[in-house]
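Protein chains in written order, with this note's numbering: chain A, 1 to 247; chain B, 1 to 247; chain C, 1 to 247.
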Amino acid sequence: MFNAIVSADTLGTALDSVSALVEECTIHLNEDGLAIRAVDPANVGMVDLSLDATAFESYEADGGRIGVNLSRLEDTVGMADAGQLVHLELDEETRKLHIQIDGLEYTLALIDPDSIRQEPDIPDLDLPANVVVEGRDINRAVKAADMVSDHIALGVDEADSLFYVDAEGDTDDVHLELDESDLIDLTPGPAHSLFSLDYLKDMNKAIPSDGEVTLELGEEFPVKLHFEIAEGEGQVTYMLAPRIQSD
Amino acid sequence: MFNAIVSADTLGTALDSVSALVEECTIHLNEDGLAIRAVDPANVGMVDLSLDATAFESYEADGGRIGVNLSRLEDTVGMADAGQLVHLELDEETRKLHIQIDGLEYTLALIDPDSIRQEPDIPDLDLPANVVVEGRDINRAVKAADMVSDHIALGVDEADSLFYVDAEGDTDDVHLELDESDLIDLTPGPAHSLFSLDYLKDMNKAIPSDGEVTLELGEEFPVKLHFEIAEGEGQVTYMLAPRIQSD
Amino acid sequence: MFNAIVSADTLGTALDSVSALVEECTIHLNEDGLAIRAVDPANVGMVDLSLDATAFESYEADGGRIGVNLSRLEDTVGMADAGQLVHLELDEETRKLHIQIDGLEYTLALIDPDSIRQEPDIPDLDLPANVVVEGRDINRAVKAADMVSDHIALGVDEADSLFYVDAEGDTDDVHLELDESDLIDLTPGPAHSLFSLDYLKDMNKAIPSDGEVTLELGEEFPVKLHFEIAEGEGQVTYMLAPRIQSD
Numbered sequence: 001m002f003n004a005i006v007s008a009d010t011l012g013t014a015l016d017s018v019s020a021l022v023e024e025c026t027i028h029l030n031e032d033g034l035a036i037r038a039v040d041p042a043n044v045g046m047v048d049l050s051l052d053a054t055a056f057e058s059y060e061a062d063g064g065r066i067g068v069n070l071s072r073l074e075d076t077v078g079m080a081d082a083g084q085l086v087h088l089e090l091d092e093e094t095r096k097l098h099i100q101i102d103g104l105e106y107t108l109a110l111i112d113p114d115s116i117r118q119e120p121d122i123p124d125l126d127l128p129a130n131v132v133v134e135g136r137d138i139n140r141a142v143k144a145a146d147m148v149s150d151h152i153a154l155g156v157d158e159a160d161s162l163f164y165v166d167a168e169g170d171t172d173d174v175h176l177e178l179d180e181s182d183l184i185d186l187t188p189g190p191a192h193s194l195f196s197l198d199y200l201k202d203m204n205k206a207i208p209s210d211g212e213v214t215l216e217l218g219e220e221f222p223v224k225l226h227f228e229i230a231e232g233e234g235q236v237t238y239m240l241a242p243r244i245q246s247d
Numbered sequence: 001m002f003n004a005i006v007s008a009d010t011l012g013t014a015l016d017s018v019s020a021l022v023e024e025c026t027i028h029l030n031e032d033g034l035a036i037r038a039v040d041p042a043n044v045g046m047v048d049l050s051l052d053a054t055a056f057e058s059y060e061a062d063g064g065r066i067g068v069n070l071s072r073l074e075d076t077v078g079m080a081d082a083g084q085l086v087h088l089e090l091d092e093e094t095r096k097l098h099i100q101i102d103g104l105e106y107t108l109a110l111i112d113p114d115s116i117r118q119e120p121d122i123p124d125l126d127l128p129a130n131v132v133v134e135g136r137d138i139n140r141a142v143k144a145a146d147m148v149s150d151h152i153a154l155g156v157d158e159a160d161s162l163f164y165v166d167a168e169g170d171t172d173d174v175h176l177e178l179d180e181s182d183l184i185d186l187t188p189g190p191a192h193s194l195f196s197l198d199y200l201k202d203m204n205k206a207i208p209s210d211g212e213v214t215l216e217l218g219e220e221f222p223v224k225l226h227f228e229i230a231e232g233e234g235q236v237t238y239m240l241a242p243r244i245q246s247d
Numbered sequence: 001m002f003n004a005i006v007s008a009d010t011l012g013t014a015l016d017s018v019s020a021l022v023e024e025c026t027i028h029l030n031e032d033g034l035a036i037r038a039v040d041p042a043n044v045g046m047v048d049l050s051l052d053a054t055a056f057e058s059y060e061a062d063g064g065r066i067g068v069n070l071s072r073l074e075d076t077v078g079m080a081d082a083g084q085l086v087h088l089e090l091d092e093e094t095r096k097l098h099i100q101i102d103g104l105e106y107t108l109a110l111i112d113p114d115s116i117r118q119e120p121d122i123p124d125l126d127l128p129a130n131v132v133v134e135g136r137d138i139n140r141a142v143k144a145a146d147m148v149s150d151h152i153a154l155g156v157d158e159a160d161s162l163f164y165v166d167a168e169g170d171t172d173d174v175h176l177e178l179d180e181s182d183l184i185d186l187t188p189g190p191a192h193s194l195f196s197l198d199y200l201k202d203m204n205k206a207i208p209s210d211g212e213v214t215l216e217l218g219e220e221f222p223v224k225l226h227f228e229i230a231e232g233e234g235q236v237t238y239m240l241a242p243r244i245q246s247d
């Protein structure tokens, strides 16, 4: 059983954070809210999303799960005007999701969850450095790095208490330093890893520019990015595996 | 003889309603205003436009006709800023249309009307159902249907006094119901027909979202859509032939 | 030695006027400001730009020159928000330009000036007609001409004290006349020349629509276009060679 009403903005933002990595996913219809975990086909990027029942206007669920095509679901939600409500109701017999937006009813065929790539276990890493930064600074770093390279290094300079971003191109380089006055918070620790810019660009699209992002970093380790959506009633964690250093 | 001054907005809107279906058309320069009738190459969609002399700042004509390439004429009118006036003058000898916009003179070569697809006779059908709806609801229905299918069914539910739109895709369906509280007016009658979405999408582009549209409908019959342009001093009628039901 | 701080808007506008014609250029780092002269590969269009030291927040230079790839430099400057400052510093040893924008450092590899197409001598022509016009009228003329032709004629009608623009297409023609009431200033003289529209379209992109443009014209002679940027602290001159009249 699943029957919920939610603002189109909230649902759309939550789905966008997952569709940055995958086209299909399994949604867990838990009693306390929706939960999605997914990993991209190359096993490089993972997402863990939860959208609490309190983020909904009304929410009833009893623990099932459904498989969805994200772009079809997002397009449907995108039919709503800003601020309009979306009514979701699962028809258990036909395995279809009924989506109602002000008189418009969309019937979405679901996908068998067993046919979707298996949900990842997101490892519990104890990463030594912790950086809290505004979303717009992630955006700036990703855009600048993209001008010169396909890779981006994220690191912490413990001596100078700096978070830095490096991208080295064939001819040009980009370097961004954010010190404690630029950062919201910094727990220094040994950290320097290289990442694929393609993944960070996709993740960046889902990061709210006016929100806080917490990065957990280590040396040649994955990065974890945490941020809130839906005014704190939803949580997104991305994990991105490092590239082997090219130099 | 043809010599007229009209706001670029009014003329542009009028031409857009015709170019939704055809690239070339014959314009009748009647004493009481412009009139255009056209049918698309597949004989599926027809348009009947009249733009009254009162919609013009000044208007003089004596009943001739000219053939025009619509996109060239629209591009020229599009050179004007919002609210600017367009001066149209026919040179009978050279068979060219002189278009003046604030010091800019465009000379448009005309097309021999006899070389343009013949103007249709738009049949006078006595359709049983009549629905008056806001343009934005047509827009919403067309966009939603387009997400799942190439076809759209329009119909009236006489029992519940509803106008409905149905689109059935391979996996997903869309259904929109507008009852008497959503509609401007409804004259119920037996009505259900399937139409090609491509045509309705093109027609929809010309329908003002904040205006009224009257639909005349029957069972397996064409639909007629009527709406006003130019603050009531222009009238557009579209007629769209039904598709044979696929089920 | 070169070390300067300038608003991103000012630097971006200056570079755009040169990149309209060439992809690489030599920038002269003069004591009193930057200077660039360049000619397109076909030797048809030339640009002469100066950006005075007073247009900078701070400016120090001692007369060297650097070769740059314009699109890479423009992309970097485009990373700045409106009103942000760009800090430029030349590293003489590595021959790299360090570009800093609020914590972001971009290292741009320079090009050997000797490998860049030689800078033109812009001839000192004594052209008989002089027209001062608003930038938006150039824009309007270029857009209208582009609808019908690849060429555009610019001329002065001495008898009627008019500046005119003519474009003749295969079927349609465009004619624009600006008389003394439309122009900011006019010094009539014998002037009529045909130009390639492609070049004028590129130059037009760099012309501020709300600024003044001075055109110097003759009969079958190049046109010179002068306008100011950076609130009068930068000057751009374009020279465009005429096409041989086709009729």
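Positions of the beta carbon are idealized from the N, C-alpha and C atoms, including for glycine.
Cβ neighbours of LEU197(B) within its own chain (closer than 8 angstroms, five residues either side excluded): VAL142, ALA145, ASP146, SER149, ASP150, HIS151, ILE152, ALA167. Using beta-carbon distances, ALA153(B) does not count as an interface residue toward chain A, since no partner is under 8 angstroms.
If you check each beta-carbon in the stretch 165 to 193 of chain C against every beta-carbon of chain B, the ones closer than 7 angstroms belong to THR171, ASP172, ASP173, VAL174, HIS175, LEU176, GLU177, LEU178, ASP182.
When the five nearest sequence neighbours on each side are left out, the beta carbons in the same chain lying within less than 6 angstroms of the beta carbon of GLY45(C) are those of LEU21, TYR199, LEU240, in order along the chain. Along the stretch 137 to 148 of chain B, the positions whose C-beta sits under 7 angstroms from a C-beta of chain A are ARG140, LYS143, ALA144, MET147, read in chain order. For VAL6(A) and ASP160(B), the gap between their C-alpha atoms comes out near 28 angstroms. In the three-state DSSP reduction, ASN43(A) falls in the coil class, being neither helix nor strand. Within the same chain, Cβ atoms closer than 7 angstroms to the Cβ of VAL18(B) are found at CYS25, ILE36, ALA38, VAL47, LEU49, LEU70, the five residues on either side in sequence being excluded.
Considering only ARG117(A), SER209(A), ASP170(A), GLU219(A), the residue with the shortest C-alpha distance to ASP40(A) is ARG117(A).
Only residues of its own chain outside the window of five on either side were considered, and among them ASP166 have a CB closer than 6 angstroms to the CB of HIS175(B), listed in chain order.
Between the stretch 200 to 210 of chain C and the stretch 128 to 135 of chain B, the count of C-beta pairs closer than 8 angstroms stays below three; the two stretches do not touch. Taking C-beta separations shorter than 6 angstroms and ignoring five residues to either side along the sequence, the partners of TYR59(C) in its chain run ALA4, ALA53, following chain order.
Of the other Cβ atoms in all chains shown, 16 or more fall within 10 Å of the Cβ of THR76(B); this residue is therefore buried.
For TYR59(B), not one C-beta of chain C is nearer than 8 angstroms to its own C-beta. For the stretch 86 to 113 of chain A, the set of residues with a beta-carbon nearer than 9 angstroms to any beta-carbon of chain B comprises LYS96, ILE101, ASP102, GLY103, LEU104, GLU105, TYR106, THR107, LEU108, ALA109, in chain order. Taking 8 angstroms as the CB threshold, THR76(B) lines the interface with chain C. DSSP, read as helix, strand or coil, puts VAL148(C) in coil. Non-local C-beta neighbours of ALA80(C) in its own chain, meaning closer than 7 angstroms and more than five positions away in sequence, comprise ALA8, VAL86, ILE101, ordered along the chain.
Using a CB distance cut-off of 8 angstroms, ARG72(B) counts as an interface residue toward chain C.
Separation of ASN139(B) and TYR106(A) (C-alpha to C-alpha, rounded to the nearest whole angstrom) is 16 angstroms. Between the C-alpha atoms of GLU119(C) and GLU23(C) there is a straight-line separation of about 13 angstroms. Proximity of MET203(C) to chain A, defined by a Cβ-Cβ separation below 8 angstroms, is not satisfied. Of the other Cβ atoms in all chains shown, 16 or more fall within 10 Å of the Cβ of ASP173(C); this residue is therefore buried. At a cut-off of 8 angstroms between C-beta atoms, MET79(B) counts as an interface residue with respect to chain C. In terms of Cα proximity to LEU15(A), the closest of ILE244(A), PRO242(A), GLN235(A), GLY189(A) is GLN235(A). For GLU93(C), the closest of PHE221(C), LEU183(C), LEU110(C) by C-alpha to C-alpha distance is LEU110(C). According to the DSSP assignment, MET239(A) belongs to the beta strand (DSSP E) that extends over 234 to 240. Note on LEU125(C): under 16 other CB atoms within 10 angstroms of its CB, so exposed under the neighbour-count rule. For ARG72(C), the enclosing alpha helix (DSSP H) has its first and last residue at 70 to 77. Setting aside the 5 residues that flank it on each side, GLU216(A) is surrounded in the same chain by LEU127, ASN130, LYS224, each with a C-beta closer than 6 angstroms to its C-beta; the list follows chain order. In this chain, the alpha helix (DSSP H) harbouring THR10(C) covers 8 to 19. In the structure shown, ALA230(A) adopts helical secondary structure according to DSSP, grouped into three states. THR214(C) and THR13(A) have their C-alpha atoms some 51 angstroms from each other. The C-alpha of GLY218(A) is placed about 46 angstroms away from the C-alpha of ASP114(C). The beta carbon of LYS201(C) sits closer than 8 angstroms to those of VAL142, ASP146, all from its chain and outside the five residues before and after it, given in chain order.
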